[in-house]
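In the working numbering, each residue carries its 1-based index in the sequence shown increased by 441.
Note that CB positions come from ideal geometry on N, CA and C, so glycine has one too.
One structure below.
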Amino acid sequence: MVGDASERFGKREAEKLHFLGLKERRDANKRSPGDANYVPKTLYLPPFFLKSLSDGQGHSIVKIRSFFNLEPSSWPGGEQPHCGFPGRNFSMNVKSAQKGYQVLVVEQTETPEQLELRWKEKGSKDKVVKREICAVVTKGTLTEGEMLSSNPDPSYLMAVTESCQSSTNQFEEQFFGAVDVATNRIILGQFGDDSECSALCCLLTELRPVEIIKPTKLLSLETDIALLRHKKSLSE
442 MVGDASERFG KREAEKLHFL GLKERRDANK RSPGDANYVP KTLYLPPFFL KSLSDGQGHS
502 IVKIRSFFNL EPSSWPGGEQ PHCGFPGRNF SMNVKSAQKG YQVLVVEQTE TPEQLELRWK
562 EKGSKDKVVK REICAVVTKG TLTEGEMLSS NPDPSYLMAV TESCQSSTNQ FEEQFFGAVD
622 VATNRIILGQ FGDDSECSAL CCLLTELRPV EIIKPTKLLS LETDIALLRH KKSLSE
């Protein structure tokens, strides 16, 4: 960037991202670079900055025609430099999913003509065409060839639940379903287990699911601990 554009974006960075400067920069624990315990790999984001972000900003990929933009504020007419990649390189760039993040893919779902018709029929004041979430990419739902080639092993997405617990605080049966979306292999099963979840732990060790879906606050403490232990083992 040169000229007015460079000056304009430089001023924007100084005003909105001043906490990145050396004088104000802090790590996750609010320690300054001069502190002996300063951790340069982390960064403290002030509350005012977090509140200024939209729900999907920084986590969504917005498709405009055949080009993917990495965040809403880089859309045409936005206030920060254009940032993105061609649609043909989608699988090469959605690497956040491999690290455990959910990546939202947003596409244009309305033409300029349809927007104009919406103005007339509903009195809409929208200035841009509709864009909606059309896909959610996670570690357990990767299907792109380039992303799978780096890890050819099965990547199971697994769902777990269990029957009601008895008065002895032991559950009768556990139920699971696992799917490898890249090969369409599906495994379903149920089994009884002990208080230490020995059978579940064996299953997790064998399948090594990369993503687990579970009901909120309905599993026993022992099951939750077993699932958490598996999650930690994947990150080691």
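I'd like the list of long-range same chain contacts for residue i, defined as Cβ closer than 6 Å, with 5 residues on each side in sequence excluded.
i: Ala576; result: Val546
i: Gly618; result: Ala600 and Leu629
i: Lys536; result: none
i: Thr602; result: Phe616 and Pro656
i: Trp560; result: none
i: Ile627; result: Val620
i: Leu669; result: none
With burial defined as no fewer than 16 other Cβ atoms inside 10 Å of the residue's Cβ, what is the status of residue i: buried or exposed?
i: Thr552; result: exposed
i: Ile653; result: buried
i: Ala538; result: buried
i: Thr584; result: exposed
i: Lys580; result: buried
i: Pro517; result: Note that Pro517 scores 49 on pLDDT, short of 50, meaning its location in the model is unreliable; the coordinates nonetheless yield the value given after this. Pro517 comes out exposed.
i: Gly499; result: Unreliable positioning characterises Gly499 in this predicted model, as indicated by a pLDDT of 49, which lies under 50. The coordinate reading is nonetheless provided below. Exposed, since its Cβ has fewer than 16 Cβ neighbours within 10 Å.
i: Asp634; result: buried
i: Pro481; result: exposed
i: Pro650; result: buried
i: Leu660; result: buried
i: Thr664; result: buried
i: Ser674; result: exposed
Quick one: residues in its chain with C-beta nearer than 7 Å to the C-beta of residue i, no 5 flanking neighbours on either side, listed in chain order?
i: Asp621; result: Pro595, Ser596 and Tyr597
i: Gly632; result: Note that residue 632 is Phe in the sequence shown here, rather than Gly. Excluding positions up to five away in sequence, the list reads Glu614, Gln615 and Ala640.
i: Leu461; result: none
Along the beta strand (DSSP E) that carries residue i, what are the first and last residues, could you check?
i: Arg572; result: Arg572 to Val578
i: Gln615; result: Gln615 to Asp621
i: Ala600; result: Leu598 to Glu603
i: Leu648; result: Where Leu648 is concerned, there is no enclosing beta strand (DSSP E), although the alpha helix (DSSP H) it sits in stretches over Ser639 to Leu648.
i: Arg626; result: Arg626 to Phe632
i: Leu545; result: Val544 to Gln549
Can you check whether the CB of residue j is closer than 7 Å to the CB of residue i?
i: Cys642; j: Ala623; result: no
i: His671; j: Leu644; result: no
i: Tyr485; j: Lys471; result: yes
Hey, could you find the ends of the alpha helix (DSSP H) residue i is sitting in?
i: Leu556; result: Pro553 to Lys563
>> If we require 4 or more residues per run, which alpha helix (DSSP H) segments fall completely within the stretch 466-493?
In response: Fully contained in the stretch 466-493 are the following alpha helix (DSSP H) runs of length 4 or more, in chain order: 488-493.
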